[in-house]
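K.L.:
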Amino acid sequence: MWRHASRILGAARQTRTLKSLIKKRPQDDDALLDTLRSCTQLYESHIAPTNDTTMGPLERNYQPTMLPFVLLLGNHSSGKSSFANYALGRRVQQCGVAPTDDGFTVIAPGEEDADQDGPALVSDPDLGFEGLRQFGPGLVQHAKLKLRTDLAATNFCLIDSPGMIDAPGGSTLDEGHERGYNFEASVRWFADRADVILLFFDPDKPGTTGETLSVLTNALSGCDHKLHIILNKADRFEKIHDFARAYGALCWNLSKVIPRKDLPRIYTTCIPPADGEVREGHGDLANGLEDLRRTRDDVMAEVFRAPTRRVDNAVTRLRDAASVLLMHLDVCAAARSARRKELFALYAPSVLAAAACVSGAGGLFVAGAVSPAVACGAGGLAATAGLHYLNAKNCRRNLERLDSQEGLDSLYRKIYAKESVRGDGESLATWQIVRQHLLEKVVPVGGAALAPAAPMGAHKKLRKILDVEAPRLRRQAAPATYPNVRHDDGSEAAVP
Ligand SMILES: Nc1nc2c(ncn2[C@@H]2O[C@H](COP(=O)(O)OP(=O)(O)OP(=O)(O)O)[C@@H](O)[C@H]2O)c(=O)[nH]1
Ligand SMILES: [Mg+2]
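Taken in order, the sequence shown gives residues 5 to 500; the numbers are from the numbering used here.
(1) If distances are taken between C-alpha atoms only, which option among R323, I51, F73 and T158 comes closest to G461?
(2) Just checking, does the stretch 318-330 make contact with the stretch 72-92 on the three C-beta pairs under 8 Å criterion?
(3) Just to confirm before moving on: does the CB-CB distance between L477 and V319 stay below 9 Å?
(4) Quick one: using the 10 Å Cβ neighbour count with 16 as the cut-off for buried, is S303 buried or exposed?
(5) Determine, using beta carbons only, whether F160 and V101 come nearer to each other than 9 Å.
(6) Looking at ligand 1, does it come within less than 8 Å of A238, judged from the CB to the closest heavy atom?
(7) What's the gap between the Cα of T176 and the Cα of R344?
(8) Have a look at R137, A112, K397 and D130 and flag the residue whose alpha-carbon is nearest the alpha-carbon of L122.
(9) Which same chain residues end up closer than 6 Å to L385 when comparing Cβ atoms and leaving out the 5 residues on each side of it in sequence?
(10) The alpha helix (DSSP H) that contains Y251, what's its start and end?
(11) Would you mind working out which of D106, E242 and A189 sits nearest L220, comparing C-alpha positions?
(12) Report yes if the C-beta distance between I234 and G78 is below 9 Å; otherwise report no.
(13) From the DSSP output, which residues share a beta bridge with G78?
(14) Quick one, which of C274, E444 and K418 has its alpha-carbon nearest M59's?
(15) Is K84 near ligand 2, in the sense that its beta carbon is under 8 Å from a heavy atom of that ligand?
(16) What distance in whole Å lies between the Cβ atoms of F139 and Y185, which are believed to be in contact at a cut-off of 8 Å?
(17) Just to check my reading of the structure: N236 and S82 have Cβ atoms closer than 8 Å, yes? What is that Cβ distance to the nearest angstrom?
(18) For D316, which residues from the same chain have a beta carbon less than 7 Å from its beta carbon, with the 5 sequence-adjacent residues on both sides left out?
(19) Kindly indicate which three-state DSSP category K84 falls into: helix, strand or coil?
(20) Alpha helix (DSSP H) containing D199: first to last residue?
(21) Within the continuous alpha helix (DSSP H) that includes T536, where are the two ends?
(22) Short check: CB of L356 to CB of A458, under 9 Å?
(23) To the nearest angstrom, how far is it from the Cα of D154 to the Cα of L162?
(24) Within the stretch 403-474, note down every full alpha helix (DSSP H) run reaching 4 residues or more, in order along the chain.
(25) List the endpoints of the continuous alpha helix (DSSP H) containing C336.
(26) I'd like to know whether the C-beta atoms of I201 and H232 end up nearer to each other than 9 Å.
(27) Is G167 close to ligand 4? I mean its beta-carbon at under 8 Å from any heavy atom of the ligand.
(28) State the start and end residues of the unbroken beta strand (DSSP E) segment that holds L231.
(29) How far does the alpha helix (DSSP H) with T69 in it extend, from its first residue to its last?
(30) Would you call the CB atoms of A452 and D407 closer than 9 Å?
(31) Take M331 and list the residues in its own chain whose beta-carbon comes closer than 7 Å to its own, dropping the five residues that flank it on each side.
(32) Mark G372 as exposed unless 16 or more other C-beta atoms lie within 10 angstroms of its C-beta, in which case mark it buried.
(33) Give the DSSP bridge partners of R152, in chain order.
(34) Closest to A338 by C-alpha separation, out of G390, L40, I244 and Y416, would be which residue?
(35) Are the beta-carbon atoms belonging to A156 and R94 less than 9 Å from one another?
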């Protein structure tokens, strides 16, 4: 059965998904396909093997999902499933005021309606969801694949998620894994692969759910470029004051977790009732606000851009992976050299002092002064041992410091002095990822200096991906080309 699903999606991948990436410029489709293929090829041939051999910070066995997808996240009952039905033009998901969805649902285009359970979804090697196994049966058994015909979108999937909610007593549900799996980590997994992420809030709980806020801080960090925040159910407002209060509360809550002066755009919108759906409490503001409809159109435009975003995201991912891995290699190489220096500073004086004692004692012995020779040899060696002991203590302290946060920070500042002085935000953000990985994963198993060195030529290849390949692919995926621009490789951009 699931093979059938895979076949359907496989066909969709080859015929519909990638070929319909940019309708406006069909002549570019081949270039976009080529870009995607090149990204995968560069990642698999250079980045993944180097990452695996050097204890790198990138996810092992990373596999993108077969279709581009839009991830719907948000508070319980904020309208995620209603939005999925509206966007797809079909009632696929159940909606209701009580918590409705208890797992992740992948809604994909198919040639006939078919439902698959979670184990089937994750066992198919072609769909790209195998990595979900790591979150255990708690997640897998609550996941679903729904293949549907006649969807408004045939070249991407929507993924609906369980509503976020706080457990009684103020703790978030994820603490202690009350859901049966690590919710935050699984959201991170989906968010990493998603092409567009919509985060829903509603007027009843404008951001006050601890779980939502912690997901925003931990699971969605670094996803700003594809994240859209939505204040849904705006038709519920009776008075402009209600709206102002809800919007204000949402901004206030977001400001606690988005450490920037400029808050991202918040799409205030509502979803029209499905055919035959009766909703209570339809607020007065809804009738007059044409603006809500326009905002909804903006959200829909973002959703339908998912396939195009896939190409951009693939290039971004390739570039980010190369720069994270390069920094990891640079810092580990610097740690290795610092360790070598420390060991040299420990052993060199001891060996020299011991050699001096032995040769002094030897000289005296040859001259016939046996007792002074023994005294000189024994005394000298004892002093050398004492000196070595003191130096060894010092050396151990320095090596421990090398693997502490301050030690790693000072290595980074030494290697990336220019970026550090300039306060280069990109370099600092990359460093935070690398440092966290080193402290959490590499230090406990020996330290940065003992991480295996990169194979010959790996560093050069990564640099080439960063400086030459990624800009070339980005140019290839760009929606416009500019005349008379000379590229680094000597070619000239075509006139559009
Ligand atoms: N007034 C109004 N009601 C809405 C809107 N969107 C959804 N609803 C209603 O809100 C309720 C919850 O909607 P769902 O789509 O099930 O919400 P959900 O986020 O999927 O909820 P969970 O799956 O439980 O997390 C349903 O009764 C919907 O009819 C909206 O824009 N305006
Ligand atoms: Mg739902």
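All residues carry an ideal CB built from backbone N, CA and C; glycine is no exception.
P.N.:
Working from what's here:
(1) G461 has its Cα closest to that of I51, out of R323, I51, F73 and T158.
(2) Fewer than three beta-carbon pairs drawn from the stretch 318-330 and the stretch 72-92 are found closer than 8 Å, and the two stretches are therefore not classed as touching.
(3) Yes, Cβ-Cβ distance for L477 and V319 is below 9 Å.
(4) The residue you asked about is not Ser; residue 303 is Val in the sequence shown. Around the beta carbon of V303, 16 or more other beta carbons sit within 10 angstroms, so the residue counts as buried.
(5) Taking 9 Å as the Cβ cut-off, F160 and V101 do not qualify as a contacting pair.
(6) For ligand 1, at least one heavy atom lies less than 8 Å from the Cβ of A238.
(7) Caution is warranted here: a pLDDT of 46 is assigned to T176, below 50, making its placement in the model unreliable, and no coordinate value can be reported.
(8) As written in the sequence, residue 122 is Gly, which differs from the Leu given in the question. Among R137, A112, K397 and D130, the Cα nearest to that of G122 belongs to R137.
(9) Sequence-distant Cβ neighbours of L385 in its own chain, meaning closer than 6 Å and more than five residues away, are C361.
(10) Per DSSP, the unbroken alpha helix (DSSP H) holding Y251 starts and ends at I244 to V261.
(11) Ranked by Cα distance from L220, the options D106, E242 and A189 are led by A189.
(12) Note that the C-beta distance between I234 and G78 is below 9 Å.
(13) Note: G78 sits in a beta bridge opposite F204.
(14) Check the Cα spacing between M59 and each of C274, E444 and K418: the tightest is with E444.
(15) Yes.
(16) 5 Å between Cβ atoms; contact.
(17) The beta-carbon distance between N236 and S82, rounded to whole angstroms, is 6 Å. This is short enough to meet the 8 Å contact definition.
(18) Cβ within range, chain order: A481.
(19) The DSSP-derived three-state label of K84 is helix.
(20) For D199, there is no enclosing alpha helix (DSSP H), since its DSSP letter is neither H nor E.
(21) Nothing about residue 536 can be read from this structure; the chain reaches only from 5 to 500.
(22) One thing to note: L356 has its Cβ no nearer than 9 Å to the Cβ of A458.
(23) Each residue's alpha carbon lies about 14 Å from the other.
(24) Counting whole runs of 4 or more residues, the stretch 403-474 contains the alpha helix (DSSP H) stretches 409-419, 421-426, 429-441 and 462-468.
(25) Its alpha helix (DSSP H) spans residues A310 to V370.
(26) Their beta carbons are under 9 Å apart, which means I201 touches H232 by this criterion.
(27) No copy of ligand 4 occurs in the structure displayed; its ligands are ligand 1 and ligand 2 alone.
(28) Start and end: L231 to L235.
(29) T69 -> no alpha helix (DSSP H), and no H or E assigned at all.
(30) Taking a C-beta distance under 9 Å as the contact criterion, A452 and D407 qualify as a contact pair.
(31) Answer for M331: T434, W435 and V438, listed in chain order.
(32) It counts as exposed.
(33) According to DSSP, R152 shares a beta bridge with P113.
(34) Answer by Cα proximity: Y416.
(35) Yes.
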